[in-house]
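Q:
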Amino acid sequence: MQSKTHSIIESLTNVTVGYLVALCSQILVFPLFNINVSLETNIYIGIWFTIISIIRSYVLRRIFTKKTEN
């Protein structure tokens, strides 16, 4: 069984890598759709989605961990 601490560490690592990929993607893709925002705005957008992703990832991990316990 995976501990809660291990779950959050895994989730944070996954989301950190995801954040960096998303930030690079935003910088490359947004201009293709005429969405021109500053690097600072891209960072803030990424932060909001990262927070949501951390919560989502952690909750899903706990749900699946709980299901395997039963």
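Position in the sequence shown counted from 1, then plus 63, gives you our numbering.
For every residue, glycine included, the Cβ atom is placed at its ideal position computed from N, Cα and C.
Can you tell me the Cα-Cα spacing of asparagine 99 and cysteine 87, whole angstroms?
A: Numbered from its first residue, the sequence shown carries residue 99 at position 36. Numbered from its first residue, the sequence shown carries residue 87 at position 24. Near 14 Å, if we compare the C-alpha coordinates of cysteine 87 and asparagine 99.
Q: If you run the structure through DSSP and keep just helix, strand and coil, what is asparagine 133?
A: Numbered from its first residue, the sequence shown carries residue 133 at position 70. Judged by DSSP in its simplified three-state form, asparagine 133 adopts coil rather than helix or strand.
Q: By how many angstroms is the C-alpha of isoleucine 72 removed from the C-alpha of methionine 64?
A: Taking the first residue of the sequence shown as 1, we reach residue 64 at position 1. Taking the first residue of the sequence shown as 1, we reach residue 72 at position 9. The C-alpha of isoleucine 72 is placed about 15 Å away from the C-alpha of methionine 64.
Q: Name the two residues that bound the continuous alpha helix (DSSP H) containing glutamine 89.
A: Walking along the sequence shown from the start, residue 89 turns up at place 26. That run of the alpha helix (DSSP H) goes 67 to 92.
Q: Quick one: what does DSSP say serine 101 is sitting in, helix, strand or coil?
A: One-based indexing of the sequence shown puts residue 101 at position 38. Correct three-state label for serine 101: coil.
Q: For serine 116, count neighbouring C-beta atoms within 10 Å of its own C-beta (all shown protein chains included) and say buried if the count is 16 or more, exposed if not.
A: Within the sequence shown, numbered from 1, the residue matching residue 116 stands at position 53. Looking at its Cβ environment, which holds 16 or more other Cβ atoms inside 10 Å, serine 116 is buried.
Q: Could you check the C-alpha separation between serine 70 and tyrosine 121 for me, to the nearest Å?
A: Position 7 of the sequence shown, counting from 1, holds the residue named residue 70. Position 58 of the sequence shown, counting from 1, holds the residue named residue 121. Each residue's Cα considered, the two are about 7 Å apart.
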